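In my numbering, the protein residues as written are 208 to 341.
The following block contains the structure:
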């Protein structure tokens, strides 16, 4: 089993069996598909970097072995997005709020996407479970 070649037994027992990353997009901005994809990519990279910076490499490696699962959800307002970010931070989940540079579709500084995790699926579902898929 690939897990056993990368992780020791004590590490394996501490890792959740279901990990994912959640990307939450502001639907009220009506971003184009390309812009949405770009903003989600920024969020995914920032979440990965923050996890690496905080030495959560076991989580990152396990998430990669699971196929790097991600889900893209939507909210209707920026305030809803910021509330989810606050709740996630309070629960110790890595967050990345993406602010656009303002070169194309929205004004500079507009928050477009929230990245969460990767983290335990159950933990993320408690915060984002009621949101709709984009």
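For every residue, glycine included, the Cβ atom is placed at its ideal position computed from N, Cα and C.
The model shown is predicted, which means the values in this text are computed figures rather than measured ones.
Contact check, residue i vs residue j, beta carbons under 8 Å
| i | j | result |
| --- | --- | --- |
| residue 291 | residue 318 | no |
| residue 235 | residue 284 | yes |
| residue 323 | residue 229 | yes |
| residue 341 | residue 281 | yes |
Which of helix, strand or coil DSSP assigns to residue i
| i | result |
| --- | --- |
| residue 299 | coil |
| residue 322 | strand |
| residue 339 | strand |
| residue 304 | strand |
| residue 315 | coil |
| residue 310 | coil |
Cβ of residue i within 8 Å of any chain D Cβ
| i | result |
| --- | --- |
| residue 334 | Within the model displayed, chain D is absent; a lone protein chain is all it includes. |
Identified DSSP bridge partners for residue i
| i | result |
| --- | --- |
| residue 166 | This structure leaves residue 166 out entirely; the chain is present only between 208 and 341. |
| residue 263 | Residue 263 pairs with nothing; no bridge assigned. |
| residue 277 | 228 |
| residue 327 | 226 |
### Message
So within the stretch 221-245, which uninterrupted alpha helix (DSSP H) runs reach at least 4 residues, ignoring any that extend past its ends?
### Response
You should have found no qualifying run.
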